[in-house]
Amino acid sequence: MKDRGIQLNDSVNAVESIDLKIEVLRGNDGKITQGLVIGPTMNQNQALILMASPGEFKFEPTIGVSISDLLLDKDYLRMRHRIREHFAKDGLIVQKLELSEGQPLLINASYE
46 MKDRGIQLND SVNAVESIDL KIEVLRGNDG KITQGLVIGP TMNQNQALIL MASPGEFKFE
106 PTIGVSISDL LLDKDYLRMR HRIREHFAKD GLIVQKLELS EGQPLLINAS YE
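Here the sequence shown stands for residues 46 to 157, numbered as in our numbering.
Structure below.
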């Protein structure tokens, strides 16, 4: 199940603070019984693939869209193709993708 795993922190400025989401629960004896938060990860997986550059994922070095490259390169068609290609490498099927100048990025994708 690729769409379930360890959650990352919810943050408005996630680029600066990508970290594990930890909610410590202690038992009656004061010992930690639970910490890492497990839940749906599809949206965070998509965000990480968009932000990462190729080579940043240890076990999948070919995955990474490097969306920040779009700031200097206005080739939206190439970037849309790149997003579809790299999402497919992770098993994500893109149903809808809108990326154009002056418009927000809209992606509707899910795992097979």
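For each residue, glycine too, the CB sits at the ideal point set by N, CA and C.
Just so it is clear, the structure is predicted and the values come from calculations on it, not from any experiment.
Buried versus exposed, by CB contacts within 10 Å (16 or more), residue i
{"i": "residue 54", "result": "exposed"}
{"i": "residue 83", "result": "exposed"}
{"i": "residue 131", "result": "buried"}
Beta-carbon contacts of residue i that lie in its chain and below 8 Å, excluding the five residues immediately before and after
{"i": "residue 72", "result": "78"}
{"i": "residue 140", "result": "153, 154 and 155"}
Residue range of the beta strand (DSSP E) that includes residue i
{"i": "residue 68", "result": "67-71"}
{"i": "residue 154", "result": "151-156"}
{"i": "residue 141", "result": "137-143"}
Interface flag, residue i vs chain B, CB-CB below 8 Å
{"i": "residue 67", "result": "Chain labels in this structure do not include chain B; a single protein chain is all it has."}
Among the options, nearest to residue i - alpha-carbon criterion
{"i": "residue 147", "options": "49, 65, 115 and 93", "result": "115"}
{"i": "residue 111", "options": "123, 97 and 104", "result": "97"}
{"i": "residue 50", "options": "87, 68 and 76", "result": "87"}
Alpha-carbon to alpha-carbon, residue j and residue i
{"i": "residue 95", "j": "residue 74", "result": "43 Å"}
{"i": "residue 63", "j": "residue 120", "result": "28 Å"}
{"i": "residue 136", "j": "residue 100", "result": "18 Å"}
{"i": "residue 149", "j": "residue 143", "result": "8 Å"}
{"i": "residue 109", "j": "residue 103", "result": "11 Å"}
{"i": "residue 125", "j": "residue 81", "result": "34 Å"}
Own chain residues within Cβ distance below 6 Å of residue i, not counting five before or after
{"i": "residue 70", "result": "78 and 79"}
{"i": "residue 127", "result": "110"}
{"i": "residue 134", "result": "108"}
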